[in-house]
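Protein chains: 2
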Amino acid sequence: MPRTSSTRAPGGAVTLQQVATAAGVSLATASRVLHGSGGRRVAEALAERVTAAASELRYVAHAPAQSLARSRSTVVGVLVHDIADPYFAAIAAGAMDVAREYDLMVLVANTFRDPGLERDYLARLRAQRARAVLLAGSAFVGEPFAEEVAAFAESGGRVAAIGAHGTGIDTVEPDQYGGGRLIAEHLVGLGHREIGVITGPAGLATVAQRLAGFTSVVAGPRLVHADFTREGGRAATHELLGRHPELTAVFALNDLMAAGALAALRELGRPVPEQVSVAGFDDLPVATDLTPALTTVRLQLADIGARAMRLLLDDEPGGRLVPAPAELVVRDSTGQASTLH
Amino acid sequence: MPRTSSTRAPGGAVTLQQVATAAGVSLATASRVLHGSGGRRVAEALAERVTAAASELRYVAHAPAQSLARSRSTVVGVLVHDIADPYFAAIAAGAMDVAREYDLMVLVANTFRDPGLERDYLARLRAQRARAVLLAGSAFVGEPFAEEVAAFAESGGRVAAIGAHGTGIDTVEPDQYGGGRLIAEHLVGLGHREIGVITGPAGLATVAQRLAGFTSVVAGPRLVHADFTREGGRAATHELLGRHPELTAVFALNDLMAAGALAALRELGRPVPEQVSVAGFDDLPVATDLTPALTTVRLQLADIGARAMRLLLDDEPGGRLVPAPAELVVRDSTGQASTLH
Chain A
1 MPRTSSTRAP
11 GGAVTLQQVA
21 TAAGVSLATA
31 SRVLHGSGGR
41 RVAEALAERV
51 TAAASELRYV
61 AHAPAQSLAR
71 SRSTVVGVLV
81 HDIADPYFAA
91 IAAGAMDVAR
101 EYDLMVLVAN
111 TFRDPGLERD
121 YLARLRAQRA
131 RAVLLAGSAF
141 VGEPFAEEVA
151 AFAESGGRVA
161 AIGAHGTGID
171 TVEPDQYGGG
181 RLIAEHLVGL
191 GHREIGVITG
201 PAGLATVAQR
211 LAGFTSVVAG
221 PRLVHADFTR
231 EGGRAATHEL
241 LGRHPELTAV
251 FALNDLMAAG
261 ALAALRELGR
271 PVPEQVSVAG
281 FDDLPVATDL
291 TPALTTVRLQ
301 LADIGARAMR
311 LLLDDEPGGR
321 LVPAPAELVV
331 RDSTGQASTL
341 H
Chain B
1 MPRTSSTRAP
11 GGAVTLQQVA
21 TAAGVSLATA
31 SRVLHGSGGR
41 RVAEALAERV
51 TAAASELRYV
61 AHAPAQSLAR
71 SRSTVVGVLV
81 HDIADPYFAA
91 IAAGAMDVAR
101 EYDLMVLVAN
111 TFRDPGLERD
121 YLARLRAQRA
131 RAVLLAGSAF
141 VGEPFAEEVA
151 AFAESGGRVA
161 AIGAHGTGID
171 TVEPDQYGGG
181 RLIAEHLVGL
191 GHREIGVITG
201 PAGLATVAQR
211 LAGFTSVVAG
221 PRLVHADFTR
231 EGGRAATHEL
241 LGRHPELTAV
251 FALNDLMAAG
261 ALAALRELGR
271 PVPEQVSVAG
281 FDDLPVATDL
291 TPALTTVRLQ
301 LADIGARAMR
311 LLLDDEPGGR
321 LVPAPAELVV
331 RDSTGQASTL
341 H
């Protein structure tokens, strides 16, 4: 395995190409090992040669990306599932505020929860030499996304994500699991035993995490799937209460669906919280204006978007994980379990 | 003035360059006359030569843009003031739905109501050879924007706007003025004479038009400026009622501010609508979930975004004006004027 001190760039930072040369492997293989990108597996012996060379040369992941970044465009991409959903609108706005401080332009793309479209946008932003991309939509469970991310990073751009999207990416991780737990503990503490859950689109990591947190406290709740909208929540509540009139509480996995749940319970003549308690998730601005005001989990969405954008732009080495806490906000839509049942 | 039939392109469509050549003027001058772009004025004699040549050659505005467009990228830009404002999020989502039908990518840019930033984005989307741009944010009163728009169109891209932005652009024009009138007539019909208005950011055409419609019926209302947010509306209502306790109705120029007005009136212990009526504008989804449910003006925001995107993509000649009606939606937040005063 050829290795000389002259593989060290005069300017200081060691490049991925230098590591690949030192290890006697292709650039793609070195990237697969060091950036944790997906696709074909790398044989263990080969992987060890790469990590040994990287360590020998004191290679810092993303350093080449950083040096390249200086010659890139002033555009930063933000990929969201649905910009009409206030959850994503708030995250995007927080990210945009920070980008503006750095005098960068933000281009937001809507992926309609379509993993294929998400990859397309990422490839296109790479072709446009976008300086950085923020993956702000929840990942899809089991979705192989790492290859596109690695290609973007190798081309010199930075990538960060909100919620886990793969190894090696700067990530702000909202505590979706902990938030689900908080609601479950709150409802159980109020004496609720018969609880229905209105979940969001199957396959989204956010949905799986919120639900896992909840079911870690309350096993086997009644479940209905809905899309993440007010109308989805309204229809699901009618379905849930129609099938299970004994429920004393409904947990909607986001505030929009909780607003629909409150509307449905009004239509059913079931007073909240006297007969049925309702809880949401996100603490959107609308939560305080609902009647009754909504008990929910607060995520600091604009702050999450802002922190993720800072990770993209601060020129520090990547791979960081920044947790964003979830906080229970108790308002008027939850109360003691009704003893009528 | 040289003019021969050979200036006609063999393929059919007459180009702007051919008109300019026939009229003996520069391309920029021809564009200024025929695309209505701003900047320097064109002497009347020169302008007449250009229009005569265009008529002689049967020049169709935007035809060269259309032929060029075929070689452009599959990116469409949408410029909004603030994507965190559900008004713009709904418009953008409607536009995105249509773009997806055409298999185009949409990049949304936030201009923070900064005319300079708006022009920057437009120039940048031109440099990236974006296929089309939708100016979805309200224009600024008196803002000279036409030159950037003309440059984009001349480079082969299409431009459309929501609300008037200048001559020669395809425009969807929501009836902001008519909506303001509808609210004024509704409140006057309920016997209100002392009406306060919470207006949005000064200088925005949307604000000016809504207010003009209102004051065409109710002269000299009490005015307070606020930004277009719930908190802005809340603070403005406290200010308004503090200075003018005799008011029996408050018209907030958008629903977010109306939500804040309802919160402020709750804090002040002034029942709605028994003591004070409240009306908003936009009919955001939140309007039905407020307590009391909000009387407002409905604009079909997603439909407006969708129609504007169709104008951009349908390959018809530009310069069209599509009105989008405003509709009064009476709910529970307005009632007969209190006779206590």
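Heads up: the protein sequence lines correspond to chains A and B, in order. The UniProt record's numbering puts the first residue of the first sequence at 1, with every later residue one more than the last. The UniProt record's numbering puts the first residue of the second sequence at 1, with every later residue one more than the last. The beta carbon of each residue, even a glycine, is placed where N, CA and C say it ideally should be. All values reported here derive from a predicted model rather than from experimental measurement.
1) Could you tell me whether any Cβ in chain A is nearer than 8 Å to the Cβ of MET105 (chain B)?
2) What are the residues of the region 118-147 of chain B that lie near chain A, defined by any Cβ-Cβ distance shorter than 8 Å?
3) With DSSP collapsed to three states, give me the class of TYR296 (chain B).
4) So what does DSSP say about THR237 (chain A), is it helix, strand or coil?
5) Let me check understanding here. Comparing Cα to Cα, which of A:VAL278, A:VAL297, A:ALA308 and A:ALA287 lies closest to residue 342 (chain A)?
6) In the DSSP assignment, find the alpha helix (DSSP H) that holds VAL149 (chain A) and state where it starts and stops.
7) Within the continuous alpha helix (DSSP H) that includes GLU101 (chain B), where are the two ends?
8) Name the chain B residues whose beta carbon is nearer than 7 Å to that of THR291 (chain A)?
9) Hey, VAL286 (chain A) and ALA308 (chain A) are a contact pair by Cβ (cut 8 Å); roughly how many whole angstroms apart?
10) Decide if the region 101-109 of chain B is in contact with the region 144-160 of chain B; the criterion is three or more beta carbon pairs, one per stretch, under 8 Å apart.
11) Tell me THR199 (chain B)'s beta-bridge partners as DSSP assigns them.
12) According to the neighbour-count rule (16 or more other Cβ atoms, all chains shown, within 10 Å of its Cβ), is ALA263 (chain A) buried or exposed?
13) Does VAL286 (chain A) get closer than 8 Å to chain B when you measure Cβ to Cβ?
14) Excluding five sequence neighbours on each side, which residues of the same chain lie with their C-beta closer than 8 Å to the C-beta of residue 342 (chain A)?
15) Could you list which residues in chain A have their beta carbon closer than 7 Å to that of MET96 (chain B), in chain order?
16) Are the region 87-102 of chain A and the region 296-308 of chain A in contact at 8 Å, needing three or more beta carbon pairs?
17) Find out if the Cβ-Cβ distance for the pair PRO86 (chain B), LEU284 (chain B) is shorter than 8 Å.
18) Measuring CA to CA, which of A:ALA53, A:THR29 and A:ALA109 is closest to residue 361 (chain A)?
19) I'd like to know if ILE83 (chain B) contacts chain A, where contact means its C-beta is closer than 8 Å to some C-beta of that chain.
20) Got a sec: which bits of the region 160-179 of chain A sit with their beta carbon under 8 Å from any beta carbon on chain B, in order along the chain?
21) Comparing C-alpha positions only, which one of A:GLU316, A:ARG298, A:HIS81 and A:PHE145 sits nearest to THR200 (chain A)?
22) I need the DSSP call for GLY269 (chain B), collapsed to helix, strand or coil.
23) Can you say whether residue 343 (chain A) is buried or exposed, counting buried as having 16 or more other CB atoms within 10 angstroms of its CB?
24) Could you tell me which chain A residues have their CB closer than 7 Å to the CB of ARG230 (chain B), listed as they occur along the chain?
25) Residues in the region 185-206 of chain B with C-beta within 7 Å of chain A's C-beta atoms, listed in sequence order?
26) Cα separation between ALA132 (chain B) and PHE281 (chain A)?
27) Compute the beta-carbon to beta-carbon distance between ILE83 (chain A) and ILE83 (chain B), rounded to the nearest angstrom, for a pair I have assumed lies under 8 Å.
28) Using 8 Å as the cut-off, can you tell me whether the region 170-181 of chain B makes contact with the region 209-218 of chain B, which would need three or more C-beta pairs spanning the two stretches below that distance?
29) Could you tell me whether the Cβ of PRO86 (chain A) comes closer than 8 Å to any Cβ of chain D?
30) For ARG100 (chain A), would you say it is in contact with chain B, using Cβ-to-Cβ distances shorter than 8 Å as the test?
31) Quick check on the DSSP output: the beta strand (DSSP E) that includes residue 354 (chain A) runs from which residue to which?
32) In angstroms with no decimal places, state the Cα-to-Cα distance between ASP255 (chain B) and GLU231 (chain B).
33) Helix, strand or coil: how does DSSP classify LEU190 (chain A) here?
34) Beta carbon of LEU312 (chain A), beta carbon of VAL172 (chain A): below 8 Å?
35) Excluding the 5 residues flanking HIS225 (chain B) on each side, which residues of the same chain have their C-beta closer than 7 Å to its C-beta?
36) For chain B, check one thing: does any of its Cβ atoms lie closer than 8 Å to the Cβ of PHE89 (chain A)?
So, to answer that:
1) With 8 Å as the cut-off, MET105 (chain B) counts as an interface residue toward chain A.
2) The region 118-147 of chain B vs chain A, Cβ under 8 Å: ASP120, TYR121, ARG124 and GLN128.
3) One point to set straight first is that residue 296 (chain B) is Thr, not Tyr, in the sequence displayed. Here THR296 (chain B) carries a strand assignment [DSSP, helix/strand/coil].
4) Helix at THR237 (chain A).
5) In the structure displayed, chain A extends from 1 to 341; residue 342 (chain A) sits before or after that span and is not available.
6) For VAL149 (chain A), the uninterrupted alpha helix (DSSP H) segment begins and ends at 146-154.
7) GLU101 (chain B): member of the alpha helix (DSSP H) spanning 86-101, first to last residue.
8) Chain B residues near THR291 (chain A): THR291.
9) That pair is no contact at about 23 Å.
10) The region 101-109 of chain B and the region 144-160 of chain B do not touch, with fewer than 3 CB-CB distances between them shorter than 8 Å.
11) B:HIS225.
12) ALA263 (chain A) comes out buried.
13) Judged by the 8 Å Cβ criterion, VAL286 (chain A) is in contact with chain B.
14) Nothing in the structure corresponds to residue 342 (chain A), since chain A is present only between 1 and 341.
15) Listed along the chain, the chain A residues whose CB falls inside 7 Å of the CB of MET96 (chain B) are ASN110.
16) Contact holds: three or more Cβ-Cβ distances are below 8 Å.
17) It is a contact, given that the beta carbons lie within the stated cut-off.
18) In the structure as shown, chain A begins at 1 and stops at 341. Residue 361 (chain A) is therefore absent and cannot be evaluated.
19) True, the Cβ-Cβ gap to chain A drops below 8 Å.
20) Under the 8 Å Cβ criterion, the region 160-179 of chain A contributes no residue.
21) As written in the sequence, residue 200 (chain A) is Gly, which differs from the Thr given in the question. Checking every option, the nearest Cα to that of GLY200 (chain A) belongs to A:HIS81.
22) The answer is coil: DSSP assigns GLY269 (chain B) none of H, G, I, E or B.
23) With chain A represented from 1 up to 341, any question about residue 343 (chain A) goes unanswered, as that position is not in the structure.
24) Contact annotation for ARG230 (chain B) against chain A: PRO285 [CB-CB distance below 7 Å, chain order].
25) Flagged: no residues at all.
26) The alpha-carbon of ALA132 (chain B) is positioned some 37 Å away from that of PHE281 (chain A).
27) Indeed they touch by this definition, with Cβ atoms about 6 Å apart.
28) Using a C-beta cut-off of 8 Å, the region 170-181 of chain B makes contact with the region 209-218 of chain B, since at least three inter-stretch Cβ pairs fall below that distance.
29) Annotation note: the requested chain D is absent from the structure, which comprises protein chains A and B.
30) In terms of beta-carbon proximity, ARG100 (chain A) lines the interface with chain B, with at least one pair separated by less than 8 Å.
31) This structure gives no information on residue 354 (chain A), because the portion of chain A shown stretches from 1 to 341.
32) Rounded to whole angstroms, ASP255 (chain B) and GLU231 (chain B) show a C-alpha spacing of 12 Å.
33) Residue state, collapsed to three classes: coil.
34) No, Cβ-Cβ distance for LEU312 (chain A) and VAL172 (chain A) is not below 8 Å.
35) A distance below 7 Å between beta-carbons, with the five flanking residues on each side excluded, links HIS225 (chain B) to the following residues of its chain, in chain order: THR199 and ALA202.
36) It should be pointed out that residue 89 (chain A) corresponds to Ala in this sequence rather than to Phe. Taking Cβ atoms only, chain B reaches closer than 8 Å to ALA89 (chain A), which makes this a yes.
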